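Using the numbering used here, the first residue of the sequence shown is number 171, and each one after it goes up by one.
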Amino acid sequence: MKNKNWLLYFILVGIFLGGICGWWFGARMTAVDWIGEIFLNALKMLVIPLIVSSLIVGIAGLGDITKVGKTGGITLFYFMTTTAFSVVIGLAMVNFMQPGKSVEMVSEMPEGVAAKKAVGITDILQSFISPNLIKSMVEMDILPLIIFALVFGGVLTTLGEKGKIVINFFDAVNQAIMKMVHLVLYLAPLGIFALIASKLGAAGGGDAFWMELLKIGKYAFTVIAALLLHALVVLPLVLWFFTRRNPITFFKGASAALMTAFSTASSSATLPVTIECAEENNQVSRRASLFVLPIGATVNMDGTAMYEAIAAIFIAQMIGMPLGFTEQVIIFVTATLAAIGAAGIPEAGLVTLIMVLQSVGLPLEGIGMLLSIDWFLDRCRTTVNVWGDSIGAAVVDQLEEQYVEGG
Ligand code: ASP
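Structure follows, in structure tokens:
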């Protein structure tokens, strides 16, 4: 435990120094970019074997198919309700603050957006199944891997002794990968320092960041305020209500994962640390964390869903397009779906935002206005995404014990 505290303090120092160096030295800090990349790649390297082994072991650990069904139901219910809550907070906040009202939309169609026009609900559904698992692994396309691992794990439990051998194999794989996570975490302070310093530096350093922030400052403020409200009030209340755990202690336990999320802007890359924090620091059962967290990292994105709703309405406000109740409901639904479809990688939310904008006929050019500051807001929403997953694991753990194991 002592060891862990040290690591946490070093990570905090890394974040702080990274911010200061990036702010002052600007573009020169891109020189440390490679250190951040090594840390990021070391995490990403573990993600695919971790997801596949976690889900297989997780689903086998849940026991028979009815238990899996019940736990899956609880998990989905948690994901859907907390995401819906966060979108409602985002909608309320953006309608109240009106950040787009006096902002003039001056932007061109961002590169790459025009080509991605086809993203829709059917595309998301289609992305659940991959014809080639190796290709999905290479491309870190995680949704089809989740589906595969869940079904594979489920089928293994029906094979008796033979199935057990394979499950034990993946159990050992999982334990080995988690030991590797321990090792990679020692790189975290330096890696996080480098990621933050080089990213802030690449964005032009403190002055440029400040200018960008001022330009659409009210928008950034709305997003951050809504995220904070969800992360510091709603989610802790959910945690306390269902598990009676102390949210502050839980927050401290999850903080290495939250800081990694902030510095990598990727829920998937953070997953190894999220699992480590849940199991080791917050004593969430292995069964629940291995089942909930890999799915949550890809599917449960409270911050992203909220962000997409705010962004869509911000664009509508900028162009002076009035949005009635029906349009807002459409945005609510599509933002939730878009967040499910968004991959746990940096700025994935911007791509699925296209679907939200198209659903109510908003111009895609609006995305151009959000680009300059998205690298920063992406970090904030990713942190909330990971926080939502971590709390989800604890809640499902508790409810599973109460209602599934307890009968
Ligand atoms: N970067 C986010 C994540 O990994 C997704 C997004 O909102 O762009 O959770």
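Yeah, the Cβ is synthetic: ideal placement off N, Cα and C, and Gly gets one too. Because the structure is a prediction, the values reported are computed rather than measured.
CA nearest to the CA of residue i, picked from the options
{"i": "G374", "options": "V554, Q528, F546, W176", "result": "F546"}
{"i": "F484", "options": "F461, K388, I510", "result": "K388"}
{"i": "F249", "options": "L405, N175, L441", "result": "L405"}
{"i": "S224", "options": "Q498, V238, F340", "result": "F340"}
{"i": "L409", "options": "T252, I205, C191", "result": "T252"}
{"i": "G473", "options": "D234, A508, A230, I235", "result": "A508"}
{"i": "G519", "options": "P533, G536, E478, T504", "result": "E478"}
{"i": "G196", "options": "G270, E331, L187, L370", "result": "L370"}
{"i": "I537", "options": "E571, I510, L460, A482", "result": "A482"}
{"i": "V469", "options": "V308, N555, V351, M381", "result": "N555"}
{"i": "G243", "options": "S425, F461, A396", "result": "F461"}
{"i": "E274", "options": "E207, I190, M539", "result": "M539"}
{"i": "R198", "options": "I386, L216, G376", "result": "G376"}
{"i": "T444", "options": "F432, L407, A427", "result": "A427"}
{"i": "I190", "options": "S368, P464, R456, L213", "result": "S368"}
Own chain residues within Cβ distance below 6 Å of residue i, not counting five before or after
{"i": "L326", "result": "G333, V336, I337"}
{"i": "A424", "result": "C447, S560"}
{"i": "N452", "result": "F420, G423"}
{"i": "A319", "result": "V222, L225, I226"}
Other residues of its chain near residue i: CB distance less than 7 Å, five sequence neighbours each side excluded
{"i": "I394", "result": "C550"}
{"i": "L383", "result": "A390, I543"}
{"i": "V580", "result": "Only positions 171 to 577 of the chain appear in the structure, and residue 580 is not among them; the question remains open."}
Three-state class that DSSP yields for residue i in the structure shown
{"i": "L493", "result": "coil"}
{"i": "D311", "result": "coil"}
{"i": "M275", "result": "coil"}
{"i": "V511", "result": "Looking at the sequence itself, residue 511 is Gly, so the reference to Val does not match. Helix, per DSSP."}
{"i": "T292", "result": "helix"}
{"i": "I299", "result": "coil"}
{"i": "S455", "result": "coil"}
{"i": "G374", "result": "coil"}
{"i": "I386", "result": "coil"}
{"i": "R198", "result": "helix"}
{"i": "D203", "result": "helix"}
{"i": "A424", "result": "helix"}
{"i": "N416", "result": "coil"}
{"i": "M471", "result": "coil"}
{"i": "E517", "result": "coil"}
{"i": "P464", "result": "helix"}
{"i": "G580", "result": "Given a span of 171 to 577 for the chain in the structure shown, any question on residue 580 remains unanswerable."}
{"i": "P406", "result": "helix"}
{"i": "L582", "result": "Here the chain comprises residues numbered 171 to 577, so residue 582 is not present and cannot be evaluated."}
Nearest-angstrom beta carbon gap, residue j and residue i [assumed within contact, 8 Å]
{"i": "A435", "j": "P359", "result": "Not confirmed; about 18 Å, so no contact."}
{"i": "I500", "j": "V530", "result": "5 Å"}
{"i": "I299", "j": "I312", "result": "Contact doesn't hold; Cβ gap of about 13 Å is too wide."}
{"i": "I181", "j": "I362", "result": "6 Å"}
{"i": "G270", "j": "M488", "result": "4 Å"}
{"i": "A458", "j": "E570", "result": "6 Å"}
{"i": "S438", "j": "M310", "result": "7 Å"}
Sequence-distant residues of the same chain with beta carbon closer than 8 Å to residue i, five excluded per side
{"i": "Y356", "result": "L177"}
{"i": "V238", "result": "I229, L232, G324"}
{"i": "L399", "result": "I259, M263"}
{"i": "T506", "result": "M250, T253, A254, V257, A475"}
{"i": "Q568", "result": "F412, T413"}
{"i": "L493", "result": "I483, A486, I501, V530"}
{"i": "P314", "result": "S297, F298, I299, S300, L303, S306"}
{"i": "I185", "result": "I362, F363, I366, M429, F432, S433"}
Residue span of the alpha helix (DSSP H) that contains residue i, given as start and end
{"i": "V565", "result": "537 to 569"}
{"i": "D341", "result": "330 to 355"}
{"i": "I327", "result": "Note that residue 327 is Thr in the sequence shown here, rather than Ile. Note, T327: premise wrong, no alpha helix (DSSP H); not H, not E."}
{"i": "E446", "result": "437 to 446"}
{"i": "G242", "result": "235 to 267"}
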